[in-house]
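Here the structure comes first, spelled out in structure tokens, and everything after it is commentary.
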């Protein structure tokens with residue numbers, strides 16, 4: 004059996020009250036799904052988008068959705084940034 008300890012830390016950008024990066028961990032007795040998302044910015048907007056992305060990814064992977072479908076779903080669901088494209 005392979006075992007792995009998972010932990011994380013995050014740091015808010017200076018002047019921000021919330022972090023734009025998110026990690027989500029889904030576990031049961033046999034497996035673990037970990038997703039990490041960068042909100043591509045800082046503050047509330049980045050936090051909302053990274054939380055949505057990480058939650059979608061970890062839930063879908065945990066429920067055996069093929070990775071290409073996970074990525075396609077995330078790309079079709081999230082808004083396109085007007086600044087970064």
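Numbering (the working numbering), first residue to last: 4 to 88. Backbone N, C-alpha and C fix where the C-beta goes; we use that ideal spot for every residue, glycine too.
Per DSSP, residue 77 is one residue of the alpha helix (DSSP H) stretching across 70-80.
With contacts defined by Cβ atoms closer than 7 Å, residue 27 and residue 58 form a contacting pair. The three-state secondary structure of residue 50, taken from DSSP, is helix. Scanning its chain for C-beta atoms nearer than 7 Å, with the 5 sequence neighbours on each side dropped, one finds around residue 13 the residues 22 and 24, in chain order.
For residue 31, there is no enclosing beta strand (DSSP E), since its DSSP letter is neither H nor E. Per the Cβ contact rule, the region 28-36 is in contact with the region 62-76 (3 or more Cβ pairs under 8 Å).
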